[in-house]
Amino acid sequence: MDIQAALLREPKAAFSIETVQLDAPRADEVVVEIVACGLCHTDLSVRDGTIPFPALPNVLGHEGSGVVVAVGSAVRKVSVGDPVALSFASCGACPACEAGTPARCDNFLPANFMGRRADGSCTHHQHGQEINGCFFGQSSFASHALVRERHVVKVPHDVPLELLGPLGCGIQTGAGTILNHLKPQPGSSVVVFGAGAVGLSAVMAASIAGCAAIIAVDVQPARLALARELGATHALHAREEDVLARIKDITGAGADCAVEATGVPEVVAQSIRSVRRGGQVALLGVGRMDAPLPLVLGDLLSGAVIRSVVEGDSVPDTFIPQLIEFYRQGRFPFDRLIQFYDFAQINEAAHDAETGRAIKPVIRMPRSNA
Ligand SMILES: [Zn+2]
Ligand SMILES: [Zn+2]
250 MDIQAALLRE
260 PKAAFSIETV
270 QLDAPRADEV
280 VVEIVACGLC
290 HTDLSVRDGT
300 IPFPALPNVL
310 GHEGSGVVVA
320 VGSAVRKVSV
330 GDPVALSFAS
340 CGACPACEAG
350 TPARCDNFLP
360 ANFMGRRADG
370 SCTHHQHGQE
380 INGCFFGQSS
390 FASHALVRER
400 HVVKVPHDVP
410 LELLGPLGCG
420 IQTGAGTILN
430 HLKPQPGSSV
440 VVFGAGAVGL
450 SAVMAASIAG
460 CAAIIAVDVQ
470 PARLALAREL
480 GATHALHARE
490 EDVLARIKDI
500 TGAGADCAVE
510 ATGVPEVVAQ
520 SIRSVRRGGQ
530 VALLGVGRMD
540 APLPLVLGDL
550 LSGAVIRSVV
560 EGDSVPDTFI
570 PQLIEFYRQG
580 RFPFDRLIQF
590 YDFAQINEAA
600 HDAETGRAIK
610 PVIRMPRSNA
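Just so you know, our numbering puts 512 at position 263 of the sequence shown, and the rest follows in order with no gaps.
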């Protein structure tokens, strides 16, 4: 079928909205008419070549939500007309997937970044030429996405569908790191470095977990103010305060848990120094992969438990409905992070994400039947 998709043709170029052809669904695939798609920093890292996959031209976008409009012959999980949120791809067959931990899938990189199905076939074409799709199993900067049944999550009808796409990546990354991985005890202390969409989701989740001290660190006063409104008990300006000294003042011996959501080498080092002996550090930020860290051996021998966490260790089929329930209860107001843009404004949305003007841009697609 013909669809409208935002194509990236050259590194660092603007997205261009063009007509491309989308394959018909195979037995285990569904076609989703996209209602809206969040823009995540990983889209920009790929656009700018920091993450050198998938090959160009390609269709990015990996926080889609929409309505199922066609299903393959073996699909049982959803039907035509179901509202769905899309999430990251996992192979479904490796030991991690079989153990129910798809975010640790052995094939996470090829499944999400190769631009093709696992058998190497292309899902998108233009005038007979191959276009790389399958970005995070979806390529949702488009009017329609072709997705394996495995990667769609049916969502309730009574919550605005256009809000729900970011639950599939950035928001579940921050919230899942707290609720699925760190699991802080009620009354404990958490410090969150970086108050963007991921960090602020971690702040809201720490509040749900009952943390007594929730310390947000950033360089933008507006984000620090929002962090306080979303549950942070302390907000530290990284350039104006001695962050480590303040964390020690607030917590005594250092934080129980730290969430690093910037990917800036100096901040990664600071996050490792911010926890008490035996504290936990979760590394989420993606920066330059070859960047050296300003650490000394003593920093790593402090007893801290350091782990990188992907997609918040989430199982989207269970975690996205949980987040929607917290939202309904008023305990997880993630809609406050979102700013909407029309599809034609996708490059403006990307610019606003880069400059920090928007925390979580969400791009609304023109609906064929709207
Ligand atoms: Zn797997
Ligand atoms: Zn993402």
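Ideal Cβ placement from N, Cα and C applies to all residues, glycine included.
Predicted, not measured: the structure shown is a model, and the values here were computed from it.
Status (buried if at least 16 other CB within 10 Å, exposed otherwise) for residue i
i: Val329; result: exposed
i: Gln571; result: buried
i: Glu515; result: exposed
i: Ser438; result: buried
i: Leu256; result: buried
i: Lys609; result: buried
i: Thr426; result: buried
i: Thr291; result: buried
i: Gly364; result: buried
i: Thr268; result: exposed
i: His406; result: exposed
i: Val492; result: buried
i: Ala455; result: buried
i: Ser520; result: buried
i: Ala323; result: exposed
i: Leu546; result: exposed
i: Arg258; result: exposed
i: Ser557; result: exposed
i: Gly489; result: Gly is not the amino acid found at residue 489; the sequence shown has Glu there. Per the 10 Å Cβ criterion, exposed.
beta-carbon residue i near ligand 2 non-hydrogen atom, thresh 8 Å
i: Gly448; result: no
i: His311; result: yes
i: Gly419; result: yes
i: Phe568; result: no
i: Asp277; result: no
i: Cys286; result: no
i: Thr291; result: yes
i: Thr422; result: yes
i: Phe264; result: no
i: Phe384; result: no
Limits of the unbroken alpha helix (DSSP H) element including residue i
i: Cys346; result: 344–347
i: Pro332; result: Counting along the chain, Pro332 falls outside any alpha helix (DSSP H), though it belongs to the beta strand (DSSP E) covering 332–335.
i: Val408; result: Run containing Val408: none; DSSP gives neither H nor E here.
i: Arg495; result: 492–500
For residue i, the three-state DSSP class (helix, strand or coil)
i: Ile569; result: helix
i: Leu416; result: helix
i: Ala619; result: The pLDDT assigned to Ala619 is 44, lower than 50, so where the model puts this residue is not dependable, and the model offers no usable value.
i: Arg365; result: coil
i: Ala276; result: coil
i: Arg399; result: helix
i: Ser248; result: No statement about residue 248 is possible, as the shown extent of the chain runs from 250 to 619 and does not include it.
i: Ile248; result: The requested residue 248 does not occur in the structure, where the chain is confined to residues 250 to 619.
i: Ser523; result: coil
i: Asp539; result: coil
i: Ser294; result: helix
i: His430; result: helix
i: Leu544; result: coil
i: Leu485; result: strand
i: Arg325; result: coil
i: Gln421; result: helix
i: Arg531; result: The question names Arg, yet the displayed sequence has Ala at residue 531. Strand, per DSSP.
i: Phe592; result: helix
i: Phe581; result: coil
i: Arg258; result: coil
i: Asp601; result: helix
i: Ala465; result: strand
i: Ser456; result: helix
i: Val564; result: coil
i: Gly386; result: helix
i: Val508; result: strand
i: Ala338; result: coil
i: Ala391; result: strand
Boundaries (first-last residue) of the beta strand (DSSP E) holding residue i
i: Gly478; result: It should be noted that the sequence gives Glu, not Gly, for residue 478. First-last for Glu478: 470–478, but that is the alpha helix (DSSP H), not the beta strand (DSSP E).
i: Phe442; result: 438–442
i: Val318; result: 313–320
i: Gln375; result: 373–375
i: Leu271; result: 265–271
i: Arg556; result: 554–557
i: Ile380; result: 378–380
Residue i: CB within 8 Å of a non-hydrogen atom of ligand 1
i: Asn361; result: no
i: Cys340; result: yes
i: Pro351; result: yes
i: Asn356; result: yes
i: Ala620; result: With the chain running from 250 to 619 in the structure shown, residue 620 is simply not present.
Review point. On the three-pair Cβ rule with 8 Å, is the stretch 310–330 touching the stretch 340–351?
Key: no
Point to revise | Stretch-stretch touch, CB-based, cutoff 8 Å, three pairs: the stretch 387–402 with the stretch 515–529 | key: no
Exercise for review: Could you tell me whether the stretch 327–343 touches the stretch 408–422, using the rule of 3 or more Cβ pairs below 8 Å?
Suggested key: yes
Review point. Hey, is the stretch 374–383 in contact with the stretch 280–291, meaning 3+ C-beta pairs nearer than 8 Å?
Key: no
Check your understanding: Is there contact here, the stretch 453–471 with the stretch 580–588, by at least three beta-carbon pairs under 8 Å?
Key -> Result yes; three or more Cβ-Cβ pairs closer than 8 Å.
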